[in-house]
Amino acid sequence: AQKVTQAQTEISVVEKEDVTLDCVYETRDTTYYLFWYKQPPSGELVFLIRRNSFDEQNEISGRYSWNFQKSTSSFNFTITASQVVDSAVYFCALSVKASYDKVIFGPGTSLSVIP
Amino acid sequence: DAGVIQSPRHEVTEMGQEVTLRCKPISGHDYLFWYRQTMMRGLELLIYFNNNVPIDDSGMPEDRFSAKMPNASFSTLKIQPSEPRDSAVYFCASSLLTAGPTGELFFGEGSRLTVL
C-alpha cells in the first residue's frame with residue numbers, strides 16, 4: 001500500500017525566513033512519481049512539481065527547491081526567503097506505476113508567513 | 116483557457132436531501148477525478164473516470180454516493196440522502212494521462228457542502 005506522511009501540521013515563519021516542508025512516502029513499487037501541490041486560501045489546488053523515482057536530482061525553481069532522497073524515502077520542499085504570498089497548505093503526493101492515474105495525497109502542511 | 120469548472124461553489128442543505136455537484140473538466144482531458152477534503156481525513160479520492168468510464172470507485176464511502184460522466188465534458192457527483200457527516204469540500208480534477216503519467220491534476224475551485 002502507498003502512504004504519504006507530512007509530520008508538520010502547521011508551520012509559522014516570519015517573512016524572509018527559509019522554511020522546509022517535510023514529506024516521507026511509503027511504497028513497495030520501484031517506479032513511482034512524487035508531487036507537491038499548493039492550496040492557497042482561495043481553495044484551488046495548484047500543481048508545483050513532479051519527480052519520478054529514477055531522478056534524484058534536486059530541483060530549483062526560483063525561491064523553491066526540492067530535495068529527493070530515496071535512501072530516506074523523503075521528498076522535502078524548501079522555500080527560500082519566504083513571502084506572505086507563500087501562505088498556503090502544501091500537499092505532498094504519490095502515484096505508482098501500477099496505477100499512475102491514482103494520486104494519493106498526504107495530510108498537508110499549513111504554512112503561515114507572517115509579515 | 117478555461118480551467119475545471121465546478122458548481123455550485125457553496126451548497127447548504129438539510130439532512131436527507133439530495134445533493135448534486137457538477138463538474139466540467141478541461142477540454143481534451145481524458146481523466147476526471149472526484150476528491151473530498153475534510154479536516155479529519157484530508158484529501159480522499161472518491162472515484163475517477165477514464166474516457167467517461169469509471170475506473171475505480173473504491174473511495175466512494177457509501178451507496179448514498181454515486182457519480183456519472185455521461186460525456187467528456189460533464190460529470191456529476193450525487194449524494195442521496197445527504198447526512199451531516201458528508202459536509203466537506205468536494206473537488207473535481209482533470210488530467211491528460213493517456214500520453215504518459217504526468218500526474219499533473221488540474222483542480223476546480225471546489226464545492227463546499229454543508230449538511231445541517
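Respectively, the protein sequence lines represent chains A and B.
Numbered according to the numbering used here, the first sequence spans residues 1 to 115.
Numbered according to the numbering used here, the second sequence spans residues 116 to 231.
Cβ atoms here follow ideal geometry from the backbone N, Cα and C, with glycine treated the same way.
Owing to the predicted nature of the structure, the values given are computational and were not obtained by experimental measurement.
inquiry  = Any beta carbon from chain B within less than 8 Å of A/Pro115's own beta carbon?
reply    = To locate residue 115 of chain A, count along the first sequence from 1; it is residue 115. Contact of A/Pro115 with chain B is not assigned, every C-beta pair being separated by 8 Å or more.
query = From which residue to which residue does the beta strand (DSSP E) around B/Lys80 run?
reply = The structure shown has nothing for residue 80 of chain B, since chain B only spans 116 to 231.
inquiry  = So for A/Arg63, helix, strand or coil by DSSP?
reply    = Numbered from its first residue, the first sequence carries residue 63 of chain A at position 63. It is coil, neither helix nor strand.
query = Based on the DSSP secondary-structure assignment, which residues constitute the bridge partners of A/Ser185?
reply = Summary: the structure shown does not reach residue 185 of chain A, with chain A confined to residues 1 through 115, and so no result is reported for it.
task = Look up B/Asp201 in the DSSP assignment and say whether it is helix, strand or coil.
result = Locating residue 201 of chain B in the second sequence gives position 86, counting from the first residue. B/Asp201: helix per DSSP, three-state reduction.
task = With 8 Å as the threshold, decide whether the Cβ of A/Phe54 is near any Cβ in chain B.
result = Working through the first sequence from its first residue, we reach residue 54 of chain A at position 54. A/Phe54 does not count as touching chain B.
request  = Identify whether A/Val4 lies in helix, strand or coil by the three-state DSSP scheme.
outcome  = Stepping through the first sequence from its first residue, residue 4 of chain A is reached at position 4. The answer is strand: DSSP assigns A/Val4 an E or B state.
query = If we cut at 8 Å on Cβ distances, does B/Asp201 have a partner in chain A?
reply = Working through the second sequence from its first residue, we reach residue 201 of chain B at position 86. Not an interface residue.
key: Residue of A/Thr5, A/Ser71, A/Phe75 and A/Asp18 minimising C-alpha distance to A/Leu111   = Along the first sequence, one-based indexing puts residue 111 of chain A at 111. Of the candidates A/Thr5, A/Ser71, A/Phe75 and A/Asp18, A/Asp18 places its Cα closest to the Cα of A/Leu111.
key: Delimiting residues of the beta strand (DSSP E) encompassing A/Cys23   = As a first step, residue 23 of chain A must be located in the first sequence, where it is residue number 23. It is not in any beta strand (DSSP E) - A/Cys23 carries neither H nor E in the DSSP assignment.
inquiry  = Quick check on the burial criterion: 16 or more other C-beta atoms within 10 angstroms. Buried or exposed for A/Gly106?
reply    = Against the first sequence, residue 106 of chain A aligns to sequence position 106. By the beta-carbon neighbour count (other beta carbons within 10 angstroms, threshold 16), A/Gly106 is buried.
key: B/Glu159 - containing beta strand (DSSP E), residue span   = In the second sequence, counting from the first residue as 1, residue 159 of chain B sits at position 44. Residues Gly157 to Asn165.
inquiry  = Assess contact between the region 121-140 of chain B and the region 186-198 of chain B, defined as three or more Cβ pairs (one per stretch) separated by less than 8 Å. Is contact present?
reply    = yes
ask   = Does the region 120-131 of chain B come close enough to the region 66-82 of chain A to have 3 or more Cβ pairs within less than 8 Å?
value = no
request  = Measure from the alpha carbon of B/Val119 to the alpha carbon of each residue in A/Glu44, A/Thr30 and A/Lys3, then state which is nearest.
outcome  = Within the second sequence, numbered from 1, the residue matching residue 119 of chain B stands at position 4. Comparing Cα-Cα distances from B/Val119 to each of A/Glu44, A/Thr30 and A/Lys3, the minimum goes to A/Glu44.
inquiry  = Is there a Cβ of chain B sitting closer than 8 Å to that of A/Arg50, yes or no?
reply    = Translated into the one-based positions of the first sequence, residue 50 of chain A becomes position 50. Output row for A/Arg50: interface = yes.
task = Excluding the 5 residues preceding and the 5 following A/Ser53 in the sequence, name in chain order all residues of the same chain whose CB lies nearer than 6 Å to its CB.
result = Here residue 53 of chain A corresponds to residue number 53 of the first sequence, with the count starting at 1. The answer, listed in chain order, is Thr31 and Tyr32.
Separation of B/Phe148 from A/Val103, as counted between CA atoms = One-based indexing of the first sequence puts residue 103 of chain A at position 103. One-based indexing of the second sequence puts residue 148 of chain B at position 33. Their backbone Cα atoms lie some 10 Å apart in a straight line.
query = Whose CA, out of A/Pro41, A/Pro115, A/Ser74 and A/Ile114, lies closest to the CA of A/Leu34?
reply = By 1-based counting over the first sequence, the position of residue 34 of chain A is 34. When C-alpha distances from A/Leu34 are compared across A/Pro41, A/Pro115, A/Ser74 and A/Ile114, the shortest belongs to A/Ser74.
task = Under 6 Å Cβ to Cβ from A/Val89, same chain only, skipping five residues before and after it: list those, please.
result = Stepping through the first sequence from its first residue, residue 89 of chain A is reached at position 89. Closer than 6 Å at the Cβ level, and outside the excluded window around A/Val89, lie Gln39, Gly108 and Ser110.
request  = Could you pull out every residue in the same chain whose Cβ sits closer than 6 Å to the Cβ of B/Thr229, ignoring the five residues on either side in sequence?
outcome  = On the second sequence, residue 229 of chain B is found 114 positions in, with the first residue counted as 1. Contacts found: Val127 and Ser202.
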